[in-house]
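Just so you know, the protein sequences line up as chains A, B, C and D, in that order. 25 is the number that this note's numbering gives to position 25 of the first sequence; each next residue is one higher, with no gaps. So this note's numbering is basically just the index in the second sequence, starting at one, shifted up by 1000. So this note's numbering is basically just the index in the third sequence, starting at one, shifted up by 2000. So this note's numbering is basically just the index in the fourth sequence, starting at one, shifted up by 3000. For glycine and all other residues, C-beta sits at the position ideal for the given N, C-alpha and C.
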Amino acid sequence: MIDKTLASCAAAVADIRDGATVMIGGFGTAGMPDQLIDALIEHGARELTIVNNNAGNGETGLAALIKHKRVRKIVCSFPRQSDSQHFDAAYRAGEVELELVPQGNLAARIHAAGNGLGAIFTPTGYGTELAAGKETREIDGKHYVLEYPIHADVALIKAHRGDRWGNLVYRKTARNFGPLMAMAAKCTIAQVHEIVELGALDPETVVTPGIFVQRVIAVGHKEALA
Amino acid sequence: MIDKTLASCAAAVADIRDGATVMIGGFGTAGMPDQLIDALIEHGARELTIVNNNAGNGETGLAALIKHKRVRKIVCSFPRQSDSQHFDAAYRAGEVELELVPQGNLAARIHAAGNGLGAIFTPTGYGTELAAGKETREIDGKHYVLEYPIHADVALIKAHRGDRWGNLVYRKTARNFGPLMAMAAKCTIAQVHEIVELGALDPETVVTPGIFVQRVIAVGHKEALA
Amino acid sequence: MSGYQRLTREQMAERVARDIPEGAYVNLGIGLPTQVANYLPADKEIFLQSENGLLGMGPAPAKGEEDPDLINAGKQPVTLLTGGCYFHHADSFAMMRGGHLDICVLGAFQVSQHGDLANWSTGAPDAIPAVGGAMDLAIGAKQTYVMMDLLTKTGESKLVADCTYPLTGLRCVSRVYSDLGVFDLGTEGARVVELVEGLSIDELQRLTGLTLAH
Amino acid sequence: MSGYQRLTREQMAERVARDIPEGAYVNLGIGLPTQVANYLPADKEIFLQSENGLLGMGPAPAKGEEDPDLINAGKQPVTLLTGGCYFHHADSFAMMRGGHLDICVLGAFQVSQHGDLANWSTGAPDAIPAVGGAMDLAIGAKQTYVMMDLLTKTGESKLVADCTYPLTGLRCVSRVYSDLGVFDLGTEGARVVELVEGLSIDELQRLTGLTLAH
Chain A
1 MIDKTLASCA
11 AAVADIRDGA
21 TVMIGGFGTA
31 GMPDQLIDAL
41 IEHGARELTI
51 VNNNAGNGET
61 GLAALIKHKR
71 VRKIVCSFPR
81 QSDSQHFDAA
91 YRAGEVELEL
101 VPQGNLAARI
111 HAAGNGLGAI
121 FTPTGYGTEL
131 AAGKETREID
141 GKHYVLEYPI
151 HADVALIKAH
161 RGDRWGNLVY
171 RKTARNFGPL
181 MAMAAKCTIA
191 QVHEIVELGA
201 LDPETVVTPG
211 IFVQRVIAVG
221 HKEALA
Chain B
1001 MIDKTLASCA
1011 AAVADIRDGA
1021 TVMIGGFGTA
1031 GMPDQLIDAL
1041 IEHGARELTI
1051 VNNNAGNGET
1061 GLAALIKHKR
1071 VRKIVCSFPR
1081 QSDSQHFDAA
1091 YRAGEVELEL
1101 VPQGNLAARI
1111 HAAGNGLGAI
1121 FTPTGYGTEL
1131 AAGKETREID
1141 GKHYVLEYPI
1151 HADVALIKAH
1161 RGDRWGNLVY
1171 RKTARNFGPL
1181 MAMAAKCTIA
1191 QVHEIVELGA
1201 LDPETVVTPG
1211 IFVQRVIAVG
1221 HKEALA
Chain C
2001 MSGYQRLTRE
2011 QMAERVARDI
2021 PEGAYVNLGI
2031 GLPTQVANYL
2041 PADKEIFLQS
2051 ENGLLGMGPA
2061 PAKGEEDPDL
2071 INAGKQPVTL
2081 LTGGCYFHHA
2091 DSFAMMRGGH
2101 LDICVLGAFQ
2111 VSQHGDLANW
2121 STGAPDAIPA
2131 VGGAMDLAIG
2141 AKQTYVMMDL
2151 LTKTGESKLV
2161 ADCTYPLTGL
2171 RCVSRVYSDL
2181 GVFDLGTEGA
2191 RVVELVEGLS
2201 IDELQRLTGL
2211 TLAH
Chain D
3001 MSGYQRLTRE
3011 QMAERVARDI
3021 PEGAYVNLGI
3031 GLPTQVANYL
3041 PADKEIFLQS
3051 ENGLLGMGPA
3061 PAKGEEDPDL
3071 INAGKQPVTL
3081 LTGGCYFHHA
3091 DSFAMMRGGH
3101 LDICVLGAFQ
3111 VSQHGDLANW
3121 STGAPDAIPA
3131 VGGAMDLAIG
3141 AKQTYVMMDL
3151 LTKTGESKLV
3161 ADCTYPLTGL
3171 RCVSRVYSDL
3181 GVFDLGTEGA
3191 RVVELVEGLS
3201 IDELQRLTGL
3211 TLAH
């Protein structure tokens, strides 16, 4: 019997190594796998490259990971926010390297990794400084920039429900990067509100098929969730 | 009020022009939009370029379209089958041009069109005669072939349920190319078993959001469908 | 000063809203463009997309009804209309980059008369850069509109011959809605579509330093 | 002829099945490889993927229970296991091309000692070509196994120094399961993993015309 569920977030992140590339789901705090990040902080891996849309909000989740000085580099689209103080400080201190990627290129490059593509000609960023030095090409009268896939050693994502085969469904806009990151990482770890019996998820509505997920951990419902 | 539903397949295909590129959903007969194809035959458009996984089975659907000599070119992965007699005859008679595309490249090229990419480096076909003359590149030690998106004027697809905004859900393996083609065509026409009230489709489980669909026609349930 | 009255931000939002037809798929950028939603006619169905994964975005929820899993691109709580749906980021940006959105409304630091857009960075050497979905939105929609005050607080025109701030996209803005008038942009330069009352073309050319067709 | 007994197709399918571990994600190609499913142990959970959009494929349905919307890549009616799911073609080929499948089992016209595969076309000038998902499967899975009779009906080896038929993929096959033995392939050439009883390496080298490590 295949059972991808684990009892604790600590067990799920225990083999993440120093220097690993870790994708973290979420758009702001929606879909941010807080408990897994807390476990990662506790675990202690350092010199991480983090792929996320943002660079942390407030004091928890990715912001806490940065605060604890575990992050060497961040690949993201929108680091600077009103509550990104820990990133701001680390960046200004030269402790964290930043690779700024337009959000659509970020999604497309993660998607390309999951799909096994070698590179993609993307329309976004052409003629801007974020494409400086990159290969460009005119195709059918439009200009494109060549962008490479973003792969990861580990993806930490948050889903709504999961089963022991790793099938996942998400909740509202907390879905965001989760399904893409699950496809692009060697090991995808999902924290879910609830683990359900095999077969309880409608096969027509599974968003992330289990093949893309290696570990599932139930962290319980938040009060507000329907 | 926006209402994308139409009363008949005939009305839905009435503006398809001679020489149009028409994507047709389906893998074999699963997901093949038979009623829309029948209407297209009746409508009479000629010199069509058809994009489908196959090149017709038996006497109905795409096979009938070929039999009626409406097809100038087929872009597909698997034309030759035990029941592809109409394609076989037209091809041997030199009446139909064939562009043979590996199935994964077909899916990826359609997907690239829907996503606005200019081209993709794909792993499939490298070193084979289906990549002859195509640009190739070694990226991180692997070899890739440059493939271009496939766009269409029209996509004819079959879904299970739809609403007046064009949101669609599919049924089992009849989903196949439908969601991709809907993204890659200027005008996507979906035949569905049933049109439901707005809101009857769970927003978490819509597979094709209405933005990708221009016309929806109910053709009734087949008996066997649960 | 001349005897003209600048449009308020609310009036600008109302003006943009008037040009959005029923059935349009629209992305409203963070900040001022978000206010356009307040002026869309209730009797027309217009589809608002938010790049974090929803189509058919509704108004802000009532107090106490906020759901942290249901937010817009500005990370504010929103609602979903009946008939709306959720999707992941790749599908969301497919909508934006694949030419499926009809209209995108963005703010700007500068727009060139030919439609170049600068709205993500002032190029200040000590600033932390952030781009989000701005570059994707700028080049992806069928029509990209900009909504901005025509002049900076110090009186410099934000509609310029050539952008001096870092670019978001090239030749991507087709129309500018400003507090002083509406402009169509293109290879021929800027054309005045309408002006606030009391403002002359001559005065507008003086304020922008541009030759404006009309 | 020597005193050895070729494996039947059923025995070959059983032999392949024995090497598929619990938890593996597997695509079984059309034709002979499909039979491997009949020999997978019932007490182990192995995930069969079919490229037309399902994971967790179950056995053929009972007579009268066929659903035309639930078929495999060979267009035969199948069932879905509890815990299986459906997806569209892009996601399906992402599984195949993105390195997510552990094992893919294919038939072949020829396999070179270095792992080149020819299984989609005999190159006959009047044949109508068809490739389907063969090229995607060949290069996408972590391990690509081939299952075939070692010799053609006329006695020519299908394990060859270099393929003469049009290629499906380069250096993609890691292992061949044949009616006469099992071979590992790689840059060093073919290595015999096991032989049917009564067959000698010498005889096998004579039949294939290859130098075989063992």
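- Task: Could you list which residues in chain A have their beta carbon closer than 7 Å to that of Tyr3025/D, in chain order?
- Result: Ile211
- Establish whether the CB of Ala2213/C and some CB of chain A are separated by less than 9 Å. no
- Item | Rounded separation between Leu3167/D and Tyr3004/D - CA only | 32 Å
- Message: For a contact defined as C-beta to C-beta under 8 Å, what are the partners of Ile150/A on chain D?
- Response: Within chain D, no residue comes near Ile150/A; the closest Cβ sits about 13 Å away, beyond 8 Å.
- Message: Against chain A, does Cys3085/D count as a neighbour if the rule is that its beta carbon must be under 9 Å from one of theirs?
- Response: yes
- Residue environment, Ala179/A, which counts as buried when at least 16 other CB atoms sit within 10 Å: As written in the sequence, residue 179/A is Pro, which differs from the Ala given in the question. With 16 or more Cβ atoms within 10 Å of its Cβ, Pro179/A is classed as buried.
- Message: Does His143/A come out as helix, strand or coil in the three-state DSSP assignment?
- Response: strand
- Message: For Val2036/C and Ile1041/B, I'd like the C-alpha separation in whole angstroms.
- Response: 45 Å
- Taking Arg2009/C as part of the alpha helix (DSSP H), name the residues at either end of that continuous run. Arg2009 to Arg2018
- Message: With H, G and I counted as helix, E and B as strand and the rest as coil, what does DSSP make of Leu2117/C?
- Response: strand
- What did DSSP end up calling Glu223/A once you bin it into helix, strand or coil? Because Glu223/A carries a pLDDT of 42, less than 50, the predicted location of this residue cannot be relied on, and no value is offered for it.
- Count the other C-beta atoms from every protein chain shown that fall within 10 angstroms of the C-beta of Gln3049/D, then say buried if there are 16 or more, exposed otherwise. buried
- Counting only the same chain and skipping the five closest in sequence on each side, list residues whose C-beta sits under 8 Å from that of Leu2210/C. Gln2113, Ser2157, Leu2159, Val2160, Ala2161, Gly2189 and Ala2190
- Which of helix, strand or coil DSSP assigns to Leu1117/B: coil
- Task: Could you tell me the distance, in whole angstroms, from the CA atom of Ala1226/B to the CA atom of Thr3079/D?
- Result: Only weak support exists for where Ala1226/B lies, its pLDDT of 41 falling under 50; the value from the coordinates is given anyway. Cα to Cα, the separation comes out at about 14 Å.
- Message: Which residue wins for smallest C-alpha separation from Phe78/A, given the options Leu201/A, Arg72/A, Gly104/A and Arg70/A?
- Response: Gly104/A
- Query: What is the DSSP secondary structure of Val51/A, reduced to helix, strand or coil?
  - Reply: strand
- Task: Evaluate Ala142/A with the Cβ neighbour count: other Cβ atoms within 10 Å of its Cβ, from every protein chain shown; 16 or more gives buried, anything less gives exposed.
- Result: The residue asked about is misnamed: residue 142/A is Lys in this sequence, not Ala. Lys142/A should be labelled exposed.
- In chain order, which alpha helix (DSSP H) runs of at least 4 residues are fully inside the segment 2093-2149 of chain C? 2134-2140
- Message: What does the Cβ neighbour count give for Gln81/A, buried or exposed, with the cut at 16 atoms within 10 Å?
- Response: buried
- Query: By Cβ distance below 6 Å, which residues in the same chain neighbour Arg171/A in space, the five residues on each side in sequence not counted?
  - Reply: His160
- Using the C-alpha atoms, what's the distance from Val96/A back to Met1183/B? 39 Å
- Message: Distance cutoff 9 Å, beta carbons only. Does Phe2996/D sit that close to anything in chain A?
- Response: Look at the range of chain D in this structure, 3001 to 3214, and you will see that residue 2996/D is not part of it.
- For Glu204/A and Thr1205/B, believed in contact at Cβ under 8 Å, the rounded distance: 7 Å
- Message: Helix, strand or coil, according to DSSP, for Phe3183/D in the structure here?
- Response: strand
- Query: Per DSSP, what kind of secondary structure is Pro1033/B in: helix, strand or coil?
  - Reply: coil
- Could you name the residues of the same chain whose beta carbon sits closer than 6 Å to that of Asp3184/D, not counting the 5 residues immediately before and after it, in chain order? Arg3175, Arg3191 and Val3193
- Item | First through last residue of the alpha helix (DSSP H) which encompasses Tyr91/A | Gln85 to Arg92
- Verify whether the separation of the beta carbon atoms of Tyr3177/D and Arg3015/D is less than 9 Å. yes
- Query: Which of the three DSSP states, helix, strand or coil, is assigned to Phe3047/D?
  - Reply: strand
- Start and end of the alpha helix (DSSP H) containing Thr3208/D? Ile3201 to Thr3208
- Message: What are the residues in the segment 180-208 of chain A lying within 8 Å of chain C by C-beta distance?
- Response: Leu180 and Val207
- Can you tell me whether DSSP reads Leu2159/C as helix, strand or coil? strand
- Cβ atoms of Glu1099/B and Val1071/B: under 9 Å apart, would you say? no
- Task: Using the DSSP secondary-structure output, state which residues sit across from Phe78/A in a beta bridge.
- Result: Asn54/A
- Message: Distance check for Glu3051/D and Leu48/A, CA to CA, integer angstroms please.
- Response: 36 Å
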